[in-house]
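Under numbering that gives the first Met the number 0, the residues of the sequence shown are numbered 0 to 355, in order.
Remarks on the structure that follows.
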Amino acid sequence: MSSSKFRTASLWPDTLGGALRIALVAALVWALAATLLFFLAPGLETFPRLLMFSECVGLTMLVCTLLLRRTRHFAQLQTGTRWLLTGAIAIPTGYFVGHQIAFLLLGEPARMVGLEQVSVVPIIFTVLVGGLALHYYATREQLANEAATRSEAQRLAVEAQLRLLRAQLEPHMLFNTLANVRSLLREDVGRAESMIDQLIVYLRSALAASQTEAVTLSREFAQLRAYLDIMSLRMGPRLSYRLELPGALEATLVPPMLLQPLVENAIKHGLEPKVGAGSIEVVARATAAGIEIRVSDSGLGLPADEDPGPSARPANASYGLQHVRDRLRTVYGPAARLSLERREPTGVSAVVCIPH
Numbered sequence: 000m001s002s003s004k005f006r007t008a009s010l011w012p013d014t015l016g017g018a019l020r021i022a023l024v025a026a027l028v029w030a031l032a033a034t035l036l037f038f039l040a041p042g043l044e045t046f047p048r049l050l051m052f053s054e055c056v057g058l059t060m061l062v063c064t065l066l067l068r069r070t071r072h073f074a075q076l077q078t079g080t081r082w083l084l085t086g087a088i089a090i091p092t093g094y095f096v097g098h099q100i101a102f103l104l105l106g107e108p109a110r111m112v113g114l115e116q117v118s119v120v121p122i123i124f125t126v127l128v129g130g131l132a133l134h135y136y137a138t139r140e141q142l143a144n145e146a147a148t149r150s151e152a153q154r155l156a157v158e159a160q161l162r163l164l165r166a167q168l169e170p171h172m173l174f175n176t177l178a179n180v181r182s183l184l185r186e187d188v189g190r191a192e193s194m195i196d197q198l199i200v201y202l203r204s205a206l207a208a209s210q211t212e213a214v215t216l217s218r219e220f221a222q223l224r225a226y227l228d229i230m231s232l233r234m235g236p237r238l239s240y241r242l243e244l245p246g247a248l249e250a251t252l253v254p255p256m257l258l259q260p261l262v263e264n265a266i267k268h269g270l271e272p273k274v275g276a277g278s279i280e281v282v283a284r285a286t287a288a289g290i291e292i293r294v295s296d297s298g299l300g301l302p303a304d305e306d307p308g309p310s311a312r313p314a315n316a317s318y319g320l321q322h323v324r325d326r327l328r329t330v331y332g333p334a335a336r337l338s339l340e341r342r343e344p345t346g347v348s349a350v351v352c353i354p355h
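The structure is reproduced here in structure tokens:
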């Protein structure tokens, strides 16, 4: 999500409903302004006439501001210059054009405001209220820009962490795999060739993932399959696995290498320390809230005194768990989560929930 999209949606929506909501707020503000002016300057106008003039001036000013915001060259100006020009154009236009619209609605002949008599009170009041309204929206835009900048900085930081994680994990895995290939060349050439083939598939997929911000779930599962094939060749009968991805979810986009740390964590902390055979299952399914992906193992499981809840950080868990949580929060917001669940009789399920 780009920052410009965020600002447009928050301040100046393109939909008719969003524009009507802004117009309603502006109408209430200018009604309050008319009420204040009526009491502060008694005898200036009757309240109904003052309210009519105030609403026409305020809404004309709003329309002028919205039109200026949609002008391409105007939007390219610096923020301070843009808002100064908005005030210099919208306030006088709203005052003079709004009065002509009010005369028309009241059934009175149009006339140049101030030609017969000049009253500085309405002019000063219009400039004051209009200036405060524009200052309010300028402040909101600045806050939106700062929020978007912080969000982008957080996203870049998480992606930098991902690159660091890849730099730490992939050489380690590569060296271990090459060591296994070297030993297999003397014992089982066929298995060695198979491991090299899967390593090529895995590294090609990892390279492609490093060059994009999102991959399909089918590609994510293909990379997991290549990785688990390599680990199966290394661990032999101690490791079996199953991947299940419904066809309807294959094209769903997710951050690259989102599930890899969970699978690696399951092997490192669950299956490798365990005596005997173990298994890993990665199952994706659609839910009412979005998509649920379970990475389950039959390893040692969590200690009895550790909390398996959504915010748990087990003492024996790798950095990868917290990294996945950070990426989910950055990409999808607070609705996404990673939680751990105990399995019976042994094992852990890492459950990733991605909202619609």
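The C-beta atom is built at its ideal place from N, Cα and C for all residues, glycine as well.
Spatial distance of residue i from residue j (CA atoms)
i	j	result
G106	I100	10 angstroms
E140	T64	14 angstroms
V180	I199	13 angstroms
R6	R336	Low confidence applies here, because R6 scores a pLDDT of 38, under 50, leaving its location unreliable; read the following figure in that light. Near 26 angstroms, if we compare the C-alpha coordinates of R336 and R6.
S150	N264	28 angstroms
I229	F174	13 angstroms
L103	V28	22 angstroms
R68	F124	24 angstroms
E54	H72	29 angstroms
I292	E219	12 angstroms
L358	E212	Absent from the model: residue 358. The displayed extent of the chain is 0 to 355, so no value can be given.
N144	A137	10 angstroms
V188	I290	41 angstroms
I195	Q210	23 angstroms
Y135	P108	35 angstroms
A26	A18	12 angstroms
V24	G16	13 angstroms
A362	P41	Because the chain in this structure spans residues 0 to 355, residue 362 falls outside the shown range and cannot be described.
A374	F46	Absent from the structure is residue 374, since the part of the chain shown begins at 0 and ends at 355.
Residues near residue i by beta carbon distance below 8 angstroms, same chain, minus five either side
i	result
T286	C352
A331	The amino acid at residue 331 is misidentified as Ala; the sequence shows Tyr. These residues qualify, in order along the chain: I353, P354.
A247	A285
I231	The identity of residue 231 in the sequence shown is Ser, whereas the question assumes Ile. Correct list, in chain order: L238, S239, Y240.
Which listed residue (the options) has its alpha carbon closest to that of residue i
i	options	result
V347	R328, A334, H355, L320	L320
L261	R326, T251, L252	R326
P344	D296, R233, L216	D296
L183	A191, L177, T176	A191
M234	I195, Q210, L177, A276	A276
heavy atom of the ligand ATP below 7 angstroms from residue i C-beta
i	result
G289	This structure lacks the ligand ATP; in fact it carries no ligand of any kind.
Under 8 angstroms between C-beta atoms of residue i and residue j
i	j	result
L238	L270	yes
A288	L244	no
M60	I90	yes
A225	Y240	no
V214	L252	yes
V120	G93	no
S217	E249	yes
Same chain only: Cβ atoms within 7 angstroms of residue i, ignoring 5 sequence neighbours per side
i	result
L133	W82, T85, G86
A33	L49, L50, S53
L242	F220, L223, R224, V281
R328	A335
P236	A276
Cutoff 8 angstroms: residue i Cβ touching any chain B Cβ
i	result
C55	Looking for chain B here will not work: only one protein chain is present.
Own chain residues within Cβ distance below 6 angstroms of residue i, not counting five before or after
i	result
V323	P260, L337
Q197	A225, D228, I229
G97	C55, V56, T59
V274	none
At a cut of 8 angstroms, does the stretch 341-355 reach the stretch 249-265 through at least three beta carbon pairs? Taking a contact to require three or more Cβ pairs closer than 8 angstroms, the stretch 341-355 and the stretch 249-265 qualify as touching.
Between the stretch 31-49 and the stretch 76-87, do at least 3 Cβ pairs fall closer than 8 angstroms? A contact between stretches requires three or more CB pairs, one per stretch, nearer than 8 angstroms, and the stretch 31-49 fails this requirement with the stretch 76-87.
Take every Cβ of the stretch 125-137, pair it with every Cβ of the stretch 85-105, and state whether three or more of those distances are shorter than 8 angstroms. Segments in contact, yes.
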